[in-house]
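Q:
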């Protein structure tokens, strides 16, 4: 019988910010380059190094300033598709999402100080994209005391990063893992962002489906392989997992298991470890046979 060891360590994602020198015309609203997280992975996790664009919404006390404007990195500066100017004696609120083009229905009615201008919205998750969010606010003073430095956007992750790690712990032989899936997980959800702290925001599922982690390819003895998907955070949920397992040239077999009472927290990363051991391999029964090696001559 197969042995599955499921470990779910919480990996806190580090979020920080750094300020660049102001660029462009004085008085123009601009944005800085930001740290997103310190995780450097060969997957679609968004980091400071690979963040390429975001959409920004913003309003002040009087009017909407940005309504989903694309901002892209050009060299070492961030360039907005729309040029907007600061106005004195007003308070501004900015909301940014990356990758650009994923979020389209940002509202204009306040829920909390942090979420002013950001209403609840729905999102359909295909699993292969990280989704990050940043908020910033600034109150401008008199015309002679305006802060025109670039707006700092400290991005945070809105989903949970889930990684499958398969380890070949056999005494000999290669294994192949294909069609790795988590089934009956939330695929579409609405984000409730009424609270001032993003840690208290919640995703409420509206539909469920499967997340396809794909295949690991051949895993040699003592080696491991990983696959990643980005899931909606959810509290106390059971997840059904399945994958096809093959030893050497044997036909693949479907393996399934249940992970019970899992809490996926917004902005956290998780690792599901699956260790394949000798007892997982079902071998055939072999008949005892004999072979005559030699009959010596008489001495």
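Residue numbers (the working numbering): 130 to 428. Cβ coordinates follow ideal geometry from the N, Cα and C atoms, glycine included. As the structure is a prediction and not an experimental result, all values here were calculated from the model.
(1) Quick one: Cα of residue 199 to Cα of residue 275, how far?
(2) Using a 10 Å radius around the Cβ and a threshold of 16 neighbouring Cβ atoms, would you call residue 350 buried or exposed?
(3) Grab me the residues of residue 196's own chain with a C-beta within less than 7 Å of its C-beta, minus the 5 sequence neighbours each way, in chain order.
(4) Just checking, does the segment 366-381 make contact with the segment 303-311 on the three C-beta pairs under 8 Å criterion?
(5) Keeping to the same chain, check which residues put their C-beta closer than 7 Å to that of residue 169; ignore five residues upstream and five downstream.
(6) Between which two residues does the beta strand (DSSP E) holding residue 199 run?
(7) So, residue 460 versus residue 224, is the Cβ gap smaller than 7 Å?
(8) Apart from the five residues on each side of it in sequence, which residues of its chain come closer than 6 Å, Cβ to Cβ, to residue 370?
(9) Flag residue 332 as yes when its Cβ comes closer than 6 Å to any non-hydrogen atom of the ligand HEM, and as no otherwise.
(10) Following the continuous beta strand (DSSP E) through residue 313, name the residue where it begins and the one where it ends.
(11) Alpha carbon to alpha carbon, how far is residue 144 from residue 373?
(12) Just to confirm, is the Cβ distance from residue 391 to residue 366 under 7 Å?
(13) Count the other CB atoms, across all protein chains shown, that sit within 10 Å of the CB of residue 389; report buried if there are 16 or more and exposed otherwise.
(14) Is residue 153 helix, strand or coil by DSSP?
(15) Which term fits residue 204, buried or exposed, when burial requires 16 or more other beta carbons within 10 angstroms of its beta carbon?
(16) Kindly indicate which residue of 213, 293 and 192 has the alpha-carbon position closest to the one of residue 354.
(17) Where do the N-terminal and C-terminal ends of the beta strand (DSSP E) with residue 360 fall, by residue?
(18) By Cβ distance below 6 Å, which residues in the same chain neighbour residue 334 in space, the five residues on each side in sequence not counted?
(19) Quick check on the burial criterion: 16 or more other C-beta atoms within 10 angstroms. Buried or exposed for residue 251?
(20) So which of 287, 309, 281 and 202 has the shortest CA-CA distance to residue 320?
(21) Just to confirm the assignment, what range does the beta strand (DSSP E) spanning residue 182 have?
(22) Closest to residue 326 by C-alpha separation, out of 213, 174, 245 and 337, would be which residue?
(23) In three-state DSSP terms, what is residue 327?
(24) With distances taken between CB atoms, is the gap from residue 345 to residue 268 smaller than 7 Å?
(25) If you draw a straight line from the alpha carbon of residue 174 to that of residue 281, how long is it in whole angstroms?
(26) Run through DSSP, which three-state label would residue 397 get?
(27) Tell me whether residue 409 sits in a helix, a strand or coil according to DSSP, three-state version.
(28) Have a look at 264, 191 and 259 and flag the residue whose alpha-carbon is nearest the alpha-carbon of residue 397.
(29) Relative to the C-alpha of residue 337, which candidate in 212, 192, 193 and 253 has its C-alpha closest?
A: Taking the definition as stated:
(1) As a working mapping, residue 199 is identified with position 70 in the chain shown. As a working mapping, residue 275 is identified with position 146 in the chain shown. Going by the C-alpha atoms only, they are around 25 Å apart.
(2) The residue labelled residue 350 in the question sits at position 221 within the chain shown. Residue 350 is exposed by the Cβ-count criterion.
(3) Along the chain shown, one-based indexing puts residue 196 at 67. Correct list, in chain order: 186.
(4) yes
(5) Locating residue 169 in the chain shown gives position 40, where the first residue counts as 1. Confidence at residue 169 is low in this model, with a pLDDT of 47, below 50, so its placement is unreliable and the value that follows should be read with caution. Closer than 7 Å at the Cβ level, and outside the excluded window around residue 169, lie 176.
(6) Counting from 1 along the chain shown, the entry for residue 199 is found at position 70. 193-203 is the span of the beta strand (DSSP E), which, as asked, contains residue 199.
(7) Since the first residue of the chain shown is 130 and the last is 428, residue 460 is not available in this structure.
(8) On the chain shown, position 241 is the one that residue 370 refers to. Closer than 6 Å at Cβ, skipping near neighbours: 311 and 386.
(9) This structure lacks the ligand HEM, and indeed carries no ligand of any kind.
(10) Within the chain shown, residue 313 is the residue found at index 184, counting from 1. Segment 304-321, the beta strand (DSSP E) holding residue 313.
(11) Stepping through the chain shown from its first residue, residue 144 is reached at position 15. Stepping through the chain shown from its first residue, residue 373 is reached at position 244. In this prediction, residue 144 has a pLDDT of 26, which is less than 50 and means its spatial position is unreliable; nothing more can be read from the coordinates.
(12) The residue labelled residue 391 in the question sits at position 262 within the chain shown. The residue labelled residue 366 in the question sits at position 237 within the chain shown. Contact: yes.
(13) Counting from 1 along the chain shown, the entry for residue 389 is found at position 260. Under this definition residue 389 is an exposed residue.
(14) In the chain shown, counting from the first residue as 1, residue 153 sits at position 24. Caution is warranted here: a pLDDT of 35 is assigned to residue 153, below 50, making its placement in the model unreliable, and no coordinate value can be reported.
(15) In the chain shown, residue 204 corresponds to position 75, counting from 1. Flag for residue 204 reads exposed.
(16) Counting from one through the chain shown, the residue named residue 354 turns up at place 225. The shortest C-alpha separation from residue 354 is found at 293.
(17) In the chain shown, counting from the first residue as 1, residue 360 sits at position 231. It spans 353-360 - the beta strand (DSSP E) in which residue 360 sits, taken as one unbroken run.
(18) For the purposes of this step, residue 334 is identified with residue 205 of the chain shown, where counting begins at 1. 315 and 318.
(19) The sequence position of residue 251 within the chain shown is 122, counting from 1. Looking at its Cβ environment, which holds fewer than 16 other Cβ atoms inside 10 Å, residue 251 is exposed.
(20) Start at 1 with the first residue of the chain shown, and residue 320 comes out as number 191. The candidate whose alpha carbon is nearest that of residue 320 is 287.
(21) In the chain shown, counting from the first residue as 1, residue 182 sits at position 53. Per DSSP, residue 182 belongs to the beta strand (DSSP E) from 182-188.
(22) Along the chain shown, read from residue 1 onward, the residue named residue 326 stands at position 197. Nearest of 213, 174, 245 and 337 to residue 326, Cα basis: 245.
(23) Mapped onto the chain shown, residue 327 falls at position 198. Residue state, collapsed to three classes: helix.
(24) By one-based count along the chain shown, residue 345 stands at place 216. By one-based count along the chain shown, residue 268 stands at place 139. No.
(25) As a position in the chain shown, residue 174 is number 45, starting the count at 1. As a position in the chain shown, residue 281 is number 152, starting the count at 1. So the two alpha carbons sit approximately 21 Å from each other.
(26) Reading the chain shown from its first residue, position 268 is the one you call residue 397. The answer is strand: DSSP assigns residue 397 an E or B state.
(27) Here residue 409 refers to the residue found at position 280 of the chain shown. Reduced to three states, the DSSP call for residue 409 is helix.
(28) To locate residue 397, count along the chain shown from 1; it is residue 268. Per the Cα distances, 259.
(29) Within the chain shown, residue 337 is the residue found at index 208, counting from 1. Taking only the C-alpha atoms, the option nearest residue 337 is 253.
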